[in-house]
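Enquirer: Listed in order, the protein sequences are those of chains R and Y. Residues 1 to 107 in the numbering used here are what the first sequence lists, from first letter to last. Residues 108 to 240 in the numbering used here are what the second sequence lists, from first letter to last. Beta carbons are placed, not taken as given, at the ideal position from N, Cα and C, and that holds for glycine. Attaching a single structure in structure tokens format; questions to follow.
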Amino acid sequence: MSKPKPPLPLTPAVFHILLALFGKERHGYDIMQQVKADSGDTVKMGPGTLYGSLDRMIEAGLVARGNMQDPRRIYYRLTALGQTTLRAETDRLSRVALVARRQLGRA
Amino acid sequence: MTRSTRQKRSRSSRLYTGLLGLYPPAFLERHRAEMLQNFADLEAAAPSTAALWRLIGKDLTMSLMSQFLASRLGRYVIGVLVAWMLFFAIGYAVRGPTPGYPVLHVFAGFLLGMLAMYIATRFYRAPQNSSQA
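Structure (structure tokens):
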């Protein structure tokens, strides 16, 4: 069986959620705060956007539910595919940034 | 925290609870408790009620639009709009901009749209739609 391919490119919201969940299980509010911090206050996510994205990410196999003891504080974690996707998107963005820097340097 | 602030916050919370009813039932079943908790956290951390509602207003608009377009009803509404535009374009091409005919086209399109909306509403309430949030 072949490995599932990372669904690239990612939307900014999905990329930031994956980044927030890297290495740590987090609940919804914690994810929103981490996204805000990681993006330097440029990506502000509300509950509707967050849970809509999380539903799609769970369906795509990027994220899984973790601790569900408290229904108000359900924890989410990255899956192996989520980690692969995050790394692949980071590489892609780095390549794009490199090309952009080269082009801007010429101008 | 003053009494009036507490009242204001509880009004915000009540309003948000009511607005959550706009989301599809299946989505609410999964996330209602989390969303209310997140709202309470956001409310506690917000510098002002206006700042809180700026974030929530934008979030509600974007996420409800996205939920609607992903739902069966949303796809039907888009289908109806496309069918309506096609119907209108064909009518315009065949009959031209004759006074009187566009009114008929619009009326027929309206009837078609109403019928499709009725059917879509029946589907939207069907249990198999519950997985499409």
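#1: Compare the C-beta of R/ILE17 against all C-beta atoms of chain Y and say whether one is closer than 9 Å.
#2: Is the separation between the beta-carbon of R/GLY66 and that of R/TYR51 shorter than 9 Å?
#3: Taking the beta strand (DSSP E) that Y/LEU180 belongs to, which residues open and close that run?
#4: Closer than 9 Å, CB to CB, is Y/GLY202 near chain R or not?
#5: For the segment 156-181 of chain Y, which residues have a CB atom closer than 8 Å to at least one CB atom of chain R, in sequence order?
#6: Using the Cα positions of R/PRO12 and Y/VAL201, report the straight-line distance between them to the nearest angstrom.
#7: How many whole angstroms separate the CB atoms of Y/LEU162 and Y/LEU171, which I take to be in contact at a CB cut-off of 8 Å?
#8: Which residues mark the beginning and the end of the alpha helix (DSSP H) in which Y/TYR130 is found?
#9: Would a check of beta-carbon distances place R/PRO9 closer than 9 Å to chain Y?
#10: Which residues in the same chain as Y/VAL213 place their Cβ atom closer than 8 Å to its Cβ, once the five residues preceding and following it in sequence are excluded?
#11: Within 9 Å of any Cβ in chain Y, is that where the Cβ of R/LYS44 sits?
#12: From this set, R/PRO9, R/PRO4 and R/LYS5, which residue's C-alpha is nearest R/LEU93's C-alpha?
#13: Just to confirm before moving on: does the CB-CB distance between R/LEU62 and R/THR85 stay below 9 Å?
#14: At the level of alpha carbons, what is the spacing between R/ALA80 and Y/MET192?
#15: Can you look up Y/ALA153 in the DSSP assignment and give me helix, strand or coil?
#16: How is the beta strand (DSSP E) around R/LEU109 delimited, first residue to last?
#17: Would you say the segment 13-21 of chain R touches the segment 30-49 of chain R, given that touching needs at least three Cβ pairs under 8 Å?
#18: List the whole-angstrom C-beta distance separating Y/ALA190 from Y/LEU219, where the pair is believed to meet the contact cut-off of C-beta under 8 Å.
#19: In angstroms, rounded to a whole number, what distance separates the CA positions of Y/LEU143 and R/THR42?
Expert: Let me lay it out:
#1: Translated into the one-based positions of the first sequence, residue 17 of chain R becomes position 17. Taking Cβ atoms only, chain Y never reaches closer than 9 Å to R/ILE17, which makes this a no.
#2: As a position in the first sequence, residue 66 of chain R is number 66, starting the count at 1. As a position in the first sequence, residue 51 of chain R is number 51, starting the count at 1. No.
#3: Indexing the second sequence from 1 puts residue 180 of chain Y at position 73. Looking at the DSSP string, Y/LEU180 is not in any beta strand (DSSP E); the run it does join, the alpha helix (DSSP H), is 179-202.
#4: As a position in the second sequence, residue 202 of chain Y is number 95, starting the count at 1. Note that residue 202 of chain Y is Arg in the sequence shown here, rather than Gly. No, Y/ARG202 does not count as interfacial toward chain R.
#5: LEU162, ILE163, LYS165, ASP166, LEU167, MET169, SER170, LEU171, SER173 and GLN174
#6: Walking along the first sequence from the start, residue 12 of chain R turns up at place 12. Walking along the second sequence from the start, residue 201 of chain Y turns up at place 94. So the alpha carbons of these two residues sit roughly 46 Å apart.
#7: Position 55 of the second sequence, counting from 1, holds the residue named residue 162 of chain Y. Position 64 of the second sequence, counting from 1, holds the residue named residue 171 of chain Y. Contact flag wrong, Cβ pair sits at about 15 Å.
#8: Counting from 1 along the second sequence, the entry for residue 130 of chain Y is found at position 23. Segment: none, Y/TYR130 is in no alpha helix (DSSP H) and carries neither H nor E.
#9: For the purposes of this step, residue 9 of chain R is taken as residue 9 along the first sequence, with counting starting at 1. Output row for R/PRO9: interface = no.
#10: Taking the second sequence and counting its residues from 1, one reaches residue 213 of chain Y at position 106. Closer than 8 Å at Cβ, skipping near neighbours: PHE195.
#11: Locating residue 44 of chain R in the first sequence gives position 44, where the first residue counts as 1. Yes, because at least one Cβ of chain Y sits closer than 9 Å to the Cβ of R/LYS44.
#12: For the purposes of this step, residue 93 of chain R is taken as residue 93 along the first sequence, with counting starting at 1. Looking at the Cα atoms, R/PRO9 is the closest of the given residues.
#13: What you label residue 62 of chain R is simply residue 62 of the first sequence in a count that begins at 1. What you label residue 85 of chain R is simply residue 85 of the first sequence in a count that begins at 1. A contact, by the Cβ cut-off of 9 Å.
#14: Against the first sequence, residue 80 of chain R aligns to sequence position 80. Against the second sequence, residue 192 of chain Y aligns to sequence position 85. Near 45 Å, if we compare the C-alpha coordinates of Y/MET192 and R/ALA80.
#15: Your numbering for residue 153 of chain Y matches position 46 in the second sequence. Y/ALA153: coil per DSSP, three-state reduction.
#16: What is shown of chain R runs 1 to 107, which leaves residue 109 of chain R out entirely.
#17: yes
#18: By one-based count along the second sequence, residue 190 of chain Y stands at place 83. By one-based count along the second sequence, residue 219 of chain Y stands at place 112. Contact flag correct, Cβ pair sits at about 6 Å.
#19: Locating residue 143 of chain Y in the second sequence gives position 36, counting from the first residue. Locating residue 42 of chain R in the first sequence gives position 42, counting from the first residue. When rounded, the distance between both Cα atoms is 24 Å.
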